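Q: Pasting in a structure now, in structure tokens, and then I'll have a few things to ask.
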Amino acid sequence: MIKNFVVFSLFLFLSFSSFSQQTAIYTNDLVDFNQALEFYNNKQYLAAQNLFEKVKNSSNDPTIQSDSAYYIANAAVRLNQPNADQLMEEFVEKYPTSLKRNSAYLDVANYYFDSGKYPQAQKWYDKVDRSSLSRSEQERFEFNNGYVYFKAKQFDKAKNYFNSVSTSHKYGSQAKYYLGFIAYEGDDYEEANQKFEEVKGESRYSEDLSYYQADMNFKLGKFEKAIEMGKEQYNKSNPQEKSQLSKIIGESYFNLGQYGEAIPYLKEYKGTRGKWNNTDYYQLGYAYYQQGDYEKAIGEFNKIVDGKNDVAQNAYYHLAESYLKLGKKQEALNAFKNASEMDFSPEIQEDAYYNYAKLSYEIGNSYKSTPQVLLAFMEKYPKNPNNEELKALLIDSYITSKNYKEAMELLENNKNFHDKAAYQKVAFYRAIELYNEGNYNEAITYLTKSLKENTNPNFTARATYWKAESDYELGNYEKALNEYREFQQLPSAQSTSEFKNLKYNLAYTQFKLKNYPEAIANFKSYVGSSTSDTVRKKDAYMRLGDSYFVTSQYWPAMENYNAAIEMGGTNDYAEFQKAISYGFVDRTEKKLEELMAFVKKYPRSVYYDDALYELGNTYVAQNMNKEGIAAYDQLVREVPTSIFVPKALLKKALIHNNSGKSNEALALFKRVAKDYPSTPEALQAVAAAKIIYIDEGKVNEYATWVKTLDYVEVGDAELDDDTYLAAEQPYLENNQSQAQSRFEAYLKQFPNGRNAMKAHFYLGQIYFSNGKNDQAIPHFKYVADRERNEFTEQALARISELYLGKKEYENALTYLKRLESEADFPQNIVFAQSNMMKASYELKKYSEAVGYAEKVLQNPKIDNAVKSDAQIIIARSAMETNNEGKAKTAYAEVLKTATGRLAAEALYYDAYFKNKEGKFEDSNASIQRLAKDYSGYKLFGAKGLVLMAKNFYALKDAYQATYILDNVIKNFSDFPDVVEEARTELAVIKNAEAKTNSSVETGN
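In our numbering, the protein residues as written are 280 to 1283.
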């Protein structure tokens, strides 16, 4: 017994000893595990994680190991460690039988949910076994899943989960709220309203519910209810909700037509992300419009930029009407035009188009000519009841728009509209335009078209008159005379503005035709008329004096020269003519006295050389050869380019020859023959020299010398003269065709003949009058490039004119400079100076251009057209050299007198400088006038529109600015520089407007 007890006791001892060791180890693990769990529960996750890691590694107990792994992964999740999900996956994989497996999924999912990390939460919720959850866990699982899908905007899935807990005591109210919101977002307002009503008593939802219910009632068209609920919440809302409620309440009032009540709320709306859209601006603008507050209506409507829908069309139409109410017709025109270009509402489109057409007539249109606008409307709406009214406006619009060229194209090419009266007027005014541009042949073409209609006697008379003027300018004096007489006989002639100058023009034409008695009668009639103007009257006195002079009636000639002198101003011509007239009435001493006085008084006169030559002749006639030679020498010395130099030299040579000084005489004869070939003086010098050579028995020397003169063909002189006269006779009889062929034959036979100079000049005139300018140039050039002669001045004027027409400005300048210095007629000097300024400008020689222009303006006798030309050159040159102050002054002068293109240019710059000065409304007024009176000048119309856009933007009217610029880009591709400026300006404006209007597309 004892033995067995001992064995048993030993077994007990050994067993107890082994158990005690295991218990100790287990107890230590349990203590650490509990300590780690305490850390975990106290959210000391890192300390808990480290201790769980130690327990897991030291313990052999599978339960402790799996639980430790569970908490290590959970702590990693809460510490947001990058391997947290991996640790949790490893836990599930390594301990598949752990009772904490499902809890792990749920716990991690809930943690991510509570942290607002809904996509991560959804990942773990998808792993949870719902059937293993308790009832409370299931409800939380369903609600959280619904919310996760709700946040992901997967409303169908969210709806299923929310529905499953909609009766839950804990989650039911929240689920119903979100179900209501899902219905609200899906535009199921009845369902939304039902759900919201079920949670209406919940204070935490009351604010949101009021907003949503107000919005839902608005969207259901229950505007009174929307207003009621919106106002109920209005003062309790945060700023964002208040902005949204303002929109709901304001738009509800708007839809009820209660515009006064709508305005305060519409104004309080802050927009989406701080921006309004075009509809927002439209509603507030329309509300102001209905209240009659047109200024404020415009202030909202004109912020609608880039509108391309029915709202925009409606807005632009009412914007136009608001502008009209305030008398802003240009702005109204643009807005009506915009509305008429949209077809969302055909009724608005047609009415807008009609108003656009009417305003185009009233104030002009820079986009398209008024006649085109009116015709286009009538073609598009043939049954519009206003068409009869528009037809009447159309007739007048041709005239008021001054767009005669385009009007003619419309009248001649539009088969649906024939109006003889309009055609007669427009053809007439187009002709006057062409006449003012110096295009006389084309002017005659249009005057003939006007005369064919003959519906208005007044325009028939005027067209007849200007046809005469055109023919006069072309040198067709016989035609001109007949047409002036025809005009005179028309009953309506006396009622025209042209009639007052008829006698003057008749007199001038007869003067040109050398019908001096008739010229005298008409000049006398004109100077005796009370309607004659000062400039023409003085000129008429001088021409009357000339007419008496050439008919040897010297005392009446002097009386009329005196009458011209008494009118003041520069009188060098009249005083010169008066002086030489004394010689013809045997008052030689008086003649010498007057000529000497003239030379002292007018050293710069174009008649200075005439006076010196005449003075020399008079002295010689009085046998005062020494004084005569002194006068000739003074002429040769001081005016070496004068036409009288070869004459003076010849006279001096003859005096020497008659005085027995044959050597001095021969030297002068040879000088004249050499320096002035082909002139009558040269031929006389050759003949006189020949006599001296013969008298001295030096015939061989004469023969040798004369061979050096290529224009002297000994023996052919008589045939030369006869051949020339055969050509000249038909020319003088106005038989140009026969004259042309005979002059050409003469020059072929005698290229250097005695009469070659005259033949070339007359042939040039024939080609010029027939519009064959290139063929005329060589003939005028031949005359101009030879020594000074009786045709030099006319040839210089013609060849200058022809080179200017060909835009060969350097060539033109060469001859214009000569014309200025060599001309005897003041009008040719003005012609030279005025065209030198133009040619210099075209060649970018701006300082020279200004110099010539200022020289032109110093001449008191120039007419308004020349003054305008000079001022425009000064203005343009100043702009090119950035001297805008000078340009402004010059353009202002142009504007006083200019017509046509120059007036359009001056008006544009008037607007330009007003814009620079910040006078934006005044600038727009000038552009409006430009559109009304000069719409035919498209370049300035386009530039004016860009400037108008800048003015409107400066006046805070973004709509007008962007609409105008858009139209410039679309309609003026012929002017790429203007279009590019418009694009740049438009981009700047749109970028600025996009900051406050979400409807604006910047293209960026």
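Think of the CB as a built atom: it goes at the ideal place given N, C-alpha and C, for glycine as much as any other residue.
All values reported here derive from a predicted model rather than from experimental measurement.
Identify whether residue 739 lies in helix, strand or coil by the three-state DSSP scheme.
A: Looking up residue 739 in the sequence shown gives position 460. Residue state, collapsed to three classes: helix.
Q: With residue 1115 and residue 1149 assumed to form a contact (beta carbons below 8 Å), what rounded beta-carbon distance in angstroms separates them?
A: On the sequence shown, residue 1115 is found 836 positions in, with the first residue counted as 1. On the sequence shown, residue 1149 is found 870 positions in, with the first residue counted as 1. Not really, about 11 Å apart at Cβ, beyond 8 Å.
Q: Which same chain residues, not among the five before or five after residue 803, have their C-beta less than 8 Å away from its C-beta?
A: The residue labelled residue 803 in the question sits at position 524 within the sequence shown. Within the same chain, residue 803 has close Cβ partners 823.
Q: Based on the DSSP secondary-structure assignment, which residues constitute the bridge partners of residue 551?
A: One-based indexing of the sequence shown puts residue 551 at position 272. Answer by DSSP bridge pairing, in chain order: 554.
Q: Please check the pair residue 534 and residue 502, which I expect to be a contact at CB under 8 Å, by giving their CB distance rounded to whole angstroms.
A: As a position in the sequence shown, residue 534 is number 255, starting the count at 1. As a position in the sequence shown, residue 502 is number 223, starting the count at 1. With a Cβ gap of about 5 Å, residue 534 and residue 502 count as contacting.
Q: I'd like the ranges of any alpha helix (DSSP H) spanning at least 4 consecutive residues and lying wholly in the region 572-631.
A: As far as the region 572-631 is concerned, its whole alpha helix (DSSP H) runs of at least 4 residues are 573-580, 589-604 and 608-619.
Q: Looking at the structure shown, is residue 1049 part of a helix, part of a strand, or coil, going by DSSP?
A: One-based indexing of the sequence shown puts residue 1049 at position 770. Residue 1049 falls in the coil class under three-state DSSP.
Q: Buried or exposed: where does residue 754 fall if 16 or more other Cβ atoms within 10 Å of its Cβ makes it buried?
A: Within the sequence shown, residue 754 is the residue found at index 475, counting from 1. Under this definition residue 754 is an exposed residue.
Q: Out of 1168, 924, 1024 and 1167, point me to the one whose CA is closest to residue 1101's CA.
A: As a first step, residue 1101 is located in the sequence shown; it is residue number 822 there, counting from the start. Of the listed residues, the one whose Cα sits closest to residue 1101 is 924.
Q: Nearest to residue 409 by alpha carbon, out of 403, 420 and 399?
A: As a first step, residue 409 must be located in the sequence shown, where it is residue number 130. Closest by alpha carbon: 420.
Q: What's the C-alpha gap between residue 1271 and residue 564?
A: In the sequence shown, the residue the question calls residue 1271 occupies position 992. In the sequence shown, the residue the question calls residue 564 occupies position 285. If I take the Cα positions, the gap works out to 21 Å.
Q: Give every residue of the same chain whose Cβ lies closer than 8 Å to the Cβ of residue 1257, excluding the five residues on either side of it in the sequence, and list them in chain order.
A: As a first step, residue 1257 is located in the sequence shown; it is residue number 978 there, counting from the start. Within the same chain, residue 1257 has close Cβ partners 1218, 1221, 1222, 1225, 1247 and 1251.
Q: Closer than 7 Å by C-beta to residue 274: which residues in its own chain qualify, once you throw out the five before and the five after it? Chain order, please.
A: Because the chain spans 280 through 1283 in this model, residue 274 falls outside it and cannot be assessed.
Q: Does the Cβ-Cβ distance between residue 1211 and residue 642 come in under 8 Å?
A: Residue 1211 sits at position 932 when you count from the first residue of the sequence shown. Residue 642 sits at position 363 when you count from the first residue of the sequence shown. Cβ atoms of residue 1211 and residue 642: closer than 8 Å.
Q: Tell me the residue span of the alpha helix (DSSP H) that contains residue 934.
A: For the purposes of this step, residue 934 is taken as residue 655 along the sequence shown, with counting starting at 1. Counting along the chain, the alpha helix (DSSP H) containing residue 934 begins and ends at 924-937.
Q: So for residue 1276, helix, strand or coil by DSSP?
A: Looking up residue 1276 in the sequence shown gives position 997. In the structure shown, residue 1276 sits in a strand (DSSP, three-state: E or B).
Q: Straight-line CA distance for residue 1106 to residue 886?
A: Against the sequence shown, residue 1106 aligns to sequence position 827. Against the sequence shown, residue 886 aligns to sequence position 607. If you take the alpha carbons of residue 1106 and residue 886, they lie about 13 Å apart.
Q: Apply the 10 Å Cβ neighbour rule to residue 1345 and answer buried if 16 or more other Cβ atoms are within range, or exposed otherwise.
A: The displayed coordinates of the chain run from 280 to 1283. Any statement about residue 1345 would go beyond what the structure contains.
Q: Once DSSP output is grouped into helix, strand and coil, what is the label at residue 798?
A: Here the question's residue 798 lines up with position 519 in the sequence shown. Three-state result, residue 798: helix.
Q: Express the C-alpha separation of residue 559 and residue 583 in angstroms, rounding to a whole number.
A: Your numbering for residue 583 matches position 304 in the sequence shown. Your numbering for residue 559 matches position 280 in the sequence shown. Rounded to whole angstroms, residue 583 to residue 559 spans 9 Å at the Cα level.
Q: Mapping DSSP to helix, strand and coil, what is residue 864?
A: Numbered from its first residue, the sequence shown carries residue 864 at position 585. If DSSP states are grouped into helix, strand and coil, residue 864 belongs with coil.
Q: Answer yes or no: do residue 1199 and residue 1244 have a C-beta to C-beta separation smaller than 8 Å?
A: If you number the sequence shown from 1, residue 1199 lands on position 920. If you number the sequence shown from 1, residue 1244 lands on position 965. Cβ distance not < 8 Å, so residue 1199 and residue 1244 don't count as in contact.
Q: Assuming residue 591 and residue 614 form a contact by the criterion Cβ under 8 Å, report the distance between their Cβ atoms to the nearest whole angstrom.
A: For the purposes of this step, residue 591 is taken as the residue at position 312 of the sequence shown. For the purposes of this step, residue 614 is taken as the residue at position 335 of the sequence shown. That pair is no contact at about 11 Å.
Q: What three-state label does DSSP hand residue 1150 in the structure shown?
A: To locate residue 1150, count along the sequence shown from 1; it is residue 871. Note: residue 1150 maps to helix in three-state DSSP.
Q: Got a sec, what are the start and stop residues for the alpha helix (DSSP H) residue 1030 sits in?
A: Reading the sequence shown from its first residue, position 751 is the one you call residue 1030. Where residue 1030 is concerned, there is no enclosing alpha helix (DSSP H), given that its DSSP letter is neither H nor E.
Q: With distances taken from CA atoms, which of 363, 380 and 1055 is nearest residue 342?
A: Here residue 342 refers to the residue found at position 63 of the sequence shown. The shortest Cα separation from residue 342 among 363, 380 and 1055 belongs to 380.
Q: Assuming residue 384 and residue 406 form a contact by the criterion Cβ under 8 Å, report the distance between their Cβ atoms to the nearest whole angstrom.
A: Here residue 384 refers to the residue found at position 105 of the sequence shown. Here residue 406 refers to the residue found at position 127 of the sequence shown. Contact holds; Cβ gap of about 4 Å.
Q: I'd like the span of the alpha helix (DSSP H) that includes residue 252, first residue to last.
A: No statement about residue 252 is possible, as the shown extent of the chain runs from 280 to 1283 and does not include it.
Q: What three-state label does DSSP hand residue 698 in the structure shown?
A: Along the sequence shown, one-based indexing puts residue 698 at 419. Of the three classes helix, strand and coil, the one that applies to residue 698 here is coil, per DSSP.
Q: What does a CB cutoff of less than 8 Å around residue 831 pick up in its chain, not counting 5 residues either side in sequence?
A: Mapped onto the sequence shown, residue 831 falls at position 552. If we look at residue 831 and ignore the five residues flanking it on each side, its Cβ neighbours are 863.
Q: Give me the residue from 1160, 1227 and 1173 with the minimum Cα distance to residue 1190.
A: Sequence index remark: in the sequence shown, residue 1190 carries index 911 (1-based). Measuring from the Cα of residue 1190, the nearest candidate turns out to be 1227.
Q: Pull up the distance between the alpha-carbon of residue 1006 and that of residue 969, whole angstroms please.
A: One-based indexing of the sequence shown puts residue 1006 at position 727. One-based indexing of the sequence shown puts residue 969 at position 690. The alpha-carbon atoms of residue 1006 and residue 969 are separated by roughly 30 Å.
Q: Could you tell me if residue 448 is buried or exposed, where buried requires 16 or more neighbouring beta carbons within 10 angstroms of its beta carbon?
A: Residue 448 sits at position 169 when you count from the first residue of the sequence shown. Classification for residue 448: exposed.
Q: For a quick check, are the C-beta atoms of residue 656 and residue 633 less than 8 Å apart?
A: Within the sequence shown, the letter at position 377 stands for residue 656. Within the sequence shown, the letter at position 354 stands for residue 633. A contact, by the Cβ cut-off of 8 Å.
Q: Where residue 304 and residue 414 are concerned, what is the direct C-alpha to C-alpha distance, given to the nearest angstrom?
A: Counting from one through the sequence shown, the residue named residue 304 turns up at place 25. Counting from one through the sequence shown, the residue named residue 414 turns up at place 135. Residue confidence for residue 304 is low, a pLDDT of 48 falling below 50, so the modelled location carries little weight; the figure read from the coordinates is stated next. Distance between the alpha carbons of residue 304 and residue 414: 39 Å.
Q: What is the rounded straight-line gap between the Cα of residue 1364 and the Cα of residue 752?
A: What the structure shows of the chain is the stretch from 280 to 1283, and residue 1364 is not part of that stretch, so it cannot be assessed.
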